[in-house]
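Here's the structure we're looking at; comments come further down.
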Amino acid sequence: MKITLRLLGFTKKYWVLMLFSFIFLILNTGFGLVMPKVVGQGIDTVVKSGLQTQIIIFAIIIVAASALRGFTGFANRYYRQVISQRVSYDMRNKLYNHLQHLSFNYFDKSQTGQLMSRLTVDVEAARGFLDQGFMDIIGLILQVCAISVILLMLDWQMALITLAFIPAIAWRTIVVSNKLRPIWSHVQQLIAKLGITLQESLIGIKVLKLFSLEKYEGQKFTTEAKNLYDDQITVARQMAMYMPFLGFLMTIPTALLFWYGGHQVINGDLSIGGLTQFVMYTGMLFQPIRRLGPTINQLSRTVSSSQRIFEIMDTESSLKEKPNAVEMGKVEGRVSFENVSFSYNPLGTTLRNISFKVEPGQLVALLGESGSGKSSLANLISRFYDVNGGRITIDGTDISDVTLSSLRKNVGIVQQNVYLFSASIRDNIKYGVPDATMEEIIEVSKAAHIYDFIQGLPEGYDTWVGEAGVTLSGGEKQRVAIARTLLMNPSILILDDSTSSVDAETERYIRLGIDNLIKGRTTFLITHRVTLIRNADLILVLKDGRLLEHGKHNQLMELNGSYKQLYLSQLSATEDQPESQTEEQ
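Residues 0 to 584 in numbering that gives the first Met the number 0 are what the sequence shown lists, from first letter to last.
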């Protein structure tokens, strides 16, 4: 009940439309209730008088009532459709916007397919309830109450015969509802799981074909589809058992009415029109009850879907702005780590007591083995995660004291795993600066050494890159990403192994362009290329989350420590690698 009430809370802003829908529902019910009365009185009048004019009058009344009922039914369905569509629109936007503001920690633990399922399948299930289930329940209650009163007024004895079966029907409905709710919850999970399998197989189609795993993935998909099929068949079986039982319960009072009412007609205590009227009202009473099964089915699905939706909405971001967070203006780029510790989970520590200072405009190289904490350190500068201990300051201001948007306008990142949107090259480059001019786009394209490549394409900057930039090579995607970041003109630039997918010649051109743009800009460079390390103003050597050494190249070489060993080993590996093996992906 709590979940349903919370879902209905989304309709508050549309109370006027709800009122119109409710008014037309009442009118529709009222015009429907008129018809048995008119038919019963018409039969008795015609039997007594035998006048054809009376038949025509009653026929006109029936047609008019039917037409009005049709109009009010249309209006009711239209308004509730509008309400449900608007609510689903609001829910999707609220859910999507909430997801956008959750921290990286949440997405580290979540599956994309599950989230997509909640934004689509679950929201649609909630919309369906507002469109049909909710109003059907109100209409059912309204119609049952009104008809019950009418039946009691017509003949309380026959009314009791009819109404005596309603508790049994209600009890059976509750039992079926309780059985269906957990099944529907599992169905929703299976739909999401099936979506995950489909998504992963389509995204990884090249790997799938490379290892000839079409049959394995097909069997995997078939197994999950079979699990979904089994649960849906279970739901169908429950409904198939429920509906005949419901029909049987409805048949008993109808038969009793004909037996008891027939005797009253024979004895002269009830007219034929009165019995007809009573039977019609009884049929109208059971009509909404017959729809109760599908309605309960819809309600069970809605509750399970709404729980999944509200589960996301109730999730609070582990990364929060302070209530008094201030806007950070354009910074100089002075970065300081003060005894910073960080971990992704309580089971281990990723960074331990990291301390260093970087002056504006300096080039900082981060060096270390895979898993040493280089990327984690870079992520903390943009505050994708919060530190567990210590603090990070930019120009002397703790980054936790400023708004996230103003902080990230000052920090540009080119990540190791580049993601491009399914759009044109121009749109991908200006993604962070939508109002960028063509001159600015061309300037950063030249700096990233991607201009000549783009000019060689048939459609130039209007070339569509495909999903995740699939039509571009690894090196081309990285250069587009570099241009995209440079267009933001950030005061602090983070290059997370951003030249790993380019050959030595392309790397040289990129470096020539970037060297001009990083002047006066603090740059953090995560790389395994030894040629890019030597000119750094500061080199940070990380191992197992600890800062082992820091300083300039010559200083660290004189220490004869970890840096020297790592540098010489990488230099030797680079010199031993044949030039032909270094190719752009």
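Ideal Cβ positions, reconstructed from N, Cα and C, are used throughout, including at glycine.
Closest by CA to residue i, which one among the options?
i, options, result
"Ala480", "Ile517, Met157, Gly431", "Gly431"
"Gly544", "Val334, Lys329, Asn352", "Asn352"
"Phe128", "Val86, Asn96, Leu114", "Val86"
"His97", "Asp313, Ala435, Leu539, Thr526", "Asp313"
"Lys219", "Gly282, Gln415, Lys192, Tyr241", "Lys192"
"Ser472", "Met487, Thr484, Asn488, Ile453", "Ile453"
"Asn416", "Phe309, Gln477, Gly455, Phe103", "Gln477"
"Arg171", "Ser200, Ser399, Pro243", "Pro243"
"Ala167", "Val325, Phe285, Tyr566, Gly31", "Phe285"
"Asn409", "Ser65, Ile393, Trp463", "Ile393"
"Leu256", "Asp154, Asp121, Phe309", "Asp154"
"Asp461", "Asn427, Arg533, Val469, Asp434", "Asn427"
"Ser102", "Pro433, Asn378, Asn488, Arg520", "Asn378"
"Arg117", "Ser405, Arg307, Gly459", "Arg307"
"Tyr384", "Leu318, Val334, Lys551", "Leu318"
"Ile2", "Ile182, Glu442, Arg300, Gln187", "Arg300"
"Gly459", "Tyr88, Tyr566, Asn488, Ile424", "Ile424"
For a test of the three-state rule: what should DSSP assign to residue i, helix, strand or coil?
i, result
"His549", "strand"
"Asn352", "strand"
"Asn559", "coil"
"Asn338", "strand"
"Leu7", "helix"
"Val417", "coil"
"Val325", "strand"
"Thr301", "helix"
"Glu320", "coil"
"Ile532", "coil"
"Leu23", "With the sequence shown as reference, residue 23 is identified as Phe, and Leu is not the correct amino acid for it. DSSP places Phe23 in helix when its eight states are reduced to three."
"Asp130", "helix"
"His100", "coil"
"Asp43", "helix"
"Lys250", "Note that residue 250 corresponds to Thr in the displayed sequence, not to Lys. It is helical."
"Glu458", "coil"
"Lys219", "helix"
"Arg290", "coil"
"Val175", "helix"
"Gly260", "helix"
Under a Cβ-count criterion, where at least 16 other Cβ atoms within 10 Å of its own Cβ denotes burial, should residue i be classed as buried or exposed?
i, result
"Met437", "exposed"
"Met152", "exposed"
"Thr221", "exposed"
"Thr581", "Per-residue confidence for Thr581 stands at a pLDDT of 39, beneath the threshold of 50, marking its modelled position as unreliable; the derived number appears in the next sentence. Its Cβ having fewer than 16 others within 10 Å, Thr581 is exposed."
"Ser305", "buried"
"Ile491", "buried"
"Ser579", "Caution applies to Ser579, whose pLDDT of 40 falls short of 50 and renders its modelled position unreliable; the value that the coordinates give is listed next. Under this definition Ser579 is an exposed residue."
"Tyr450", "buried"
"Met17", "buried"
"Ser421", "exposed"
"Tyr13", "buried"
"Trp183", "buried"
"Gln584", "Below a pLDDT of 50, predicted positions are generally treated as unreliable, and Gln584, at 33, falls in that range; the measurement from the model is reported next regardless. That one is exposed."
"Asp130", "buried"
"Gln237", "buried"
"Ser371", "buried"
Tell me, please, which residues DSSP counts as bridged to residue i.
i, result
"Asp397", "Thr392"
"Gly495", "Checking the sequence shown, residue 495 turns out to be Asp, not Gly. In the DSSP output, where bridge partners are listed per residue, Asp495 has Ile525."
"Ile605", "Residue coverage of the chain in this structure runs from 0 to 584, which leaves residue 605 outside it and unanswerable."
"Trp463", "Ser423"
"Gly411", "Leu492"
"Val357", "Val334"
For the beta strand (DSSP E) containing residue i, list its first residue and its last residue.
i, result
"Ser270", "Ser270 -> no beta strand (DSSP E), and no H or E assigned at all."
"Ile449", "That residue, Ile449, is in no beta strand (DSSP E); it is neither H nor E in DSSP."
"Val469", "Segment: none, Val469 is in no beta strand (DSSP E) and carries neither H nor E."
"Val386", "Neither: Val386 is in no beta strand (DSSP E) and is coded neither H nor E."
I'd like to confirm something about residue i: is its beta-carbon nearer than 8 angstroms to some heavy atom of the ligand SAH, or not?
i, result
"Glu310", "This structure does not include the ligand SAH; it has no bound ligands of any sort."
Under DSSP, the alpha helix (DSSP H) around residue i begins and ends at which residues?
i, result
"Val143", "133–153"
"Ile517", "Premise fails: Ile517 is in no alpha helix (DSSP H) and is neither H nor E."
"Ile481", "473–486"
"Gly127", "122–127"
"Asp107", "103–108"
"Gly112", "111–116"
"Ala377", "373–380"
Beta-carbon of residue i versus every beta-carbon of chain B: anything under 9 angstroms?
i, result
"Asp394", "The displayed structure is made up of one protein chain only, and chain B is not part of it."
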